[in-house]
Amino acid sequence: MRKLIIFAFIGFLAQLIDGSLGMAYGVTSTTLLLTFGIAPTVASASVHLAEVVTTAASGASHIKFGNVDKQAVYQLIIPGSIGAFVGACFLSNLPGDVAKPFIALFLMLLGFYVLLRFLFTFESGIQKKSIELTRKQSIPLGLIAGFADATGGGGWGPIATPILLSKKGSTARKVVGTVDTSEFAIAVSATLGFLVSLGWEEVNWYWVIALMIGGVIAAPIAAWLVKKLPAYLLGVLVGGFIILTNARTLINTWSADAAWVPFIYAFILIGWFLAINYSIRKNKLK
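Here's what the structure looks like:
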């Protein structure tokens with residue numbers, strides 16, 4: 001019973017972060033599940049099964065609060081679903097760790113771009129009502145993000161959110177809501193792929209249900225936060241979180257000296273705090 005309560009809290013925390021910042025449900029929950037000694041494939045399958053329910057709740061909440069660009073959702077779900085299904089079916093034969101550091105480096109640079117754009121060049125008057133995603137952009141983005149999500153236990157948000165935010169005039173609130181809503185289709189496709197390759201017997205349904213309950217509770221809270229947070233602050237929060245999560249991937253991959261790791265994290269966190277403080281002070285003066 002104690003473990004189920006912990007798993008429900010993991011689901012709540014992961015969905016609160018994901019629903020507010022457009023990423024990290026898979027990364028957060030999979031990482032925490034792995035600490036309990038769960039096999040990576042089973043952990044990823046459990047997380048995606050839980051996401052079928054949590055992403056539905058999150059998407060409905062974001063739609064209710066007006067955080068979604070429906071046209072962009074339609075453009076992303078087909079290529080994203082294909083990428084997720086293929087990635088799930090071949091997870092055991094296709095190691096996702098090979099490309100992970102290169103993707104993490106690219107995303108961290110995008111994180112810096114997003115943070116600096118919302119910190120220094122953001123103007124509330126130039127926000128566009130839609131994300132204006134073209135087919136040439138949506139197909140490769142959906143395929144890569146969906147594949148990475150299934151093979152790495154998380155990747156739809158960490159890849160899709162910073163790339164969409166890097167588009168000039170994009171609204172942080174719309175990006176977060178759109179990415180979270182489209183993730184429902186990716187979760188369904190990845191789950192089908194895992195069930196085809198693993199079967200039902202590998203899944204611990206008690207863990208999955210606990211994750212679902214925590215995520216469903218957090219979904220409307222996160223969508224409400226996105227609606228209420230000012231765009232400039234949400235952009236800085238997302239940018240800093242992108243940098244932090246991808247820095248963690250790079251540190252783990254490059255086996256950095258353990259003595260330096262706390263200082264690296266402290267440097268990032270202090271810089272992020274100062275950026276948030278500067279953003280609030282700057283916009284209060286307007």
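The sequence shown: position 103 = 103 (UniProt numbering), numbered continuously. Idealized CB from N, CA, C, for every residue including glycine. Since the structure is predicted, the reported quantities are computational estimates derived from the model, not experimental observations.
Notebook entry, point to check: When you compare only the Cα positions, how much space is there between L225 and I139?
Noted result: Rounded to the nearest whole angstrom, the CA to CA distance from L225 to I139 is 30 Å.
Notebook entry, point to check: Less than 8 Å separating the beta-carbons of G11 and L211?
Noted result: For G11 and L211, yes; Cβs fall inside 8 Å.
Checklist line | Among K228, A219, A88, the one whose alpha carbon lies nearest that of A43 | finding: Ranking K228, A219, A88 by Cα distance to A43 puts A88 first.
Item checked: Straight-line gap, I78 to S189 (C-alpha atoms, nearest Å) -> Near 10 Å, if we compare the C-alpha coordinates of S189 and I78.
Margin query: Looking only at its chain, what residues have a beta carbon closer than 6 Å to the beta carbon of V179, apart from the 5 residues adjacent to it on each side?
Written below: Closer than 6 Å at the Cβ level, and outside the excluded window around V179, lie G22, G157, A160, T161.
Notebook entry, point to check: Does the Cβ of I5 have 16 or more other Cβ atoms within 10 Å, making it buried, or fewer, making it exposed?
Noted result: By the Cβ-count criterion, I5 is exposed, with fewer than 16 other Cβ atoms from all chains shown falling within 10 Å of its own Cβ.
Notebook entry, point to check: Below 8 Å between beta carbons: does that hold for L115 and G239?
Noted result: In terms of Cβ geometry, L115 and G239 form a close pair [threshold 8 Å].
Next item on the list: Classify Y25 as buried or exposed, calling it buried when 16 or more other Cβ atoms lie within 10 Å of its own Cβ.
Entry: Counting Cβ neighbours within 10 Å, Y25 comes out buried, since at least 16 surround it.
Next item on the list: Go ahead and pull the three-state DSSP assignment for E132.
Entry: Taken through DSSP and simplified to helix, strand or coil, E132 comes out as coil.
Checklist line | R173 versus M1 - alpha carbon distance | finding: Spanning the alpha carbons of R173 and M1 requires a straight line of approximately 37 Å.
Next item on the list: Tell me whether the beta-carbon of N67 lies closer than 8 Å to the beta-carbon of G177.
Entry: With contacts defined as CB atoms closer than 8 Å, N67 and G177 qualify as a contacting pair.
Next item on the list: Return the CA-CA distance between A50 and A259, expressed in angstroms with no decimal places.
Entry: About 37 Å.
Notebook entry, point to check: Does DSSP put A14 in a helix, in a strand, or in coil?
Noted result: Residue state, collapsed to three classes: helix.
Note to self: Only counting the same chain, and skipping five residues up and downstream in sequence, which positions put a Cβ closer than 8 Å to that of S279?
What the structure shows: Excluding positions up to five away in sequence, the list reads F118, L119, Y232, L233, V236.
Next item on the list: Measure the beta-carbon distance from F147 to G83 and round it to whole angstroms, keeping in mind my assumption that it falls under 8 Å.
Entry: The Cβ separation is near 4 Å, so the contact holds.
Item checked: Residues near Q75 by beta carbon distance below 6 Å, same chain, minus five either side -> If we look at Q75 and ignore the five residues flanking it on each side, its Cβ neighbours are L133, S138.
Note to self: Please list the terminal residues of the continuous alpha helix (DSSP H) segment that includes L274.
What the structure shows: Here the alpha helix (DSSP H) through L274 covers 261 to 284.
Next item on the list: Please name the residue in R248, H48, L13 whose C-alpha comes closest to that of N204.
Entry: If we check each option's Cα against that of N204, H48 comes out closest.
Item checked: C-beta contact flag for A185 and G19 at 8 Å -> Not a contact, by the Cβ cut-off of 8 Å.
Check: Mapping DSSP to helix, strand and coil, what is R2?
Finding: In the structure shown, R2 sits in a helix (DSSP, three-state: H, G or I).
Next item on the list: Sort L33, L105, F9 by Cα distance to R248 and report the nearest one.
Entry: It is L105.
Notebook entry, point to check: Could you give the C-beta distance for G111 and N246, rounded to a whole number, given that I count them as a contact under 8 Å?
Noted result: Going by Cβ atoms, the distance from G111 to N246 rounds to 6 Å, so yes, they are a contact pair.
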